[in-house]
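Okay, structure first, notes after.
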Amino acid sequence: MSPATVTPTTTPKTKTTPKTERPPLWKVILLNDDFTPREFVVQVLKAVFRLNESQSYRVMMTAHQKGACVIAVYTRDVAETKAKEATELGKMNGFPLYFTTEKEE
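At position 57 of the sequence shown the residue is numbered 118 (this note's numbering), and the sequence of numbers has no breaks.
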């Protein structure tokens, strides 16, 4: 007797391409206060957010005149990290400098 030959049954696999969504973006916002020196705010913006001198000055003046200014937009983790780092720089130097994050719509 010969061994029975088994033919494997295969079903074709349908290819599915997963849709990857972009992560939601968050704004980093500088809030104005009347105690932190302007020069210090410019230094923090340059150090943490990598803005140049003129960009930093414009952001600082906008926050000074309007009460708040959006600095940049990042993913949530990056935005929260940068806001915390910039706020901590203010605290370490004795200033009430404050940065916050807000979901972009």
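Ideal Cβ placement from N, Cα and C applies to all residues, glycine included.
query = Taking V109 as the reference, which of E141, T78 and K164 has the closest Cα?
reply = Along the sequence shown, read from residue 1 onward, the residue named residue 109 stands at position 48. Per the Cα distances, E141.
task = Would you give the residue range spanned by the beta strand (DSSP E) that L106 belongs to?
result = Within the sequence shown, numbered from 1, the residue matching residue 106 stands at position 45. Per DSSP, L106 belongs to no beta strand (DSSP E); it is in the alpha helix (DSSP H), R99 to F110.
message = In whole angstroms, give me the CA-to-CA distance for K107 and R83.
response = For this step, residue 107 is matched to residue 46 along the sequence shown. For this step, residue 83 is matched to residue 22 along the sequence shown. Their Cα atoms are separated by approximately 28 Å.
task = Enumerate in chain order the residues of its own chain whose CB-to-CB distance from V134 is below 8 Å, with the five nearest sequence positions on each side excluded.
result = Within the sequence shown, the letter at position 73 stands for residue 134. Within the same chain, V134 has close Cβ partners L86, W87, K88, V89, A140 and E165.
request  = Please state whether DSSP places L91 in a helix, a strand or coil.
outcome  = To locate residue 91, count along the sequence shown from 1; it is residue 30. Shown here, L91 sits in a strand according to DSSP, grouped into three states.
query = Would you report the Cα separation of K152 and K143, rounded to the nearest angstrom?
reply = Numbered from its first residue, the sequence shown carries residue 152 at position 91. Numbered from its first residue, the sequence shown carries residue 143 at position 82. Whole-angstrom Cα-Cα distance: 14 Å.
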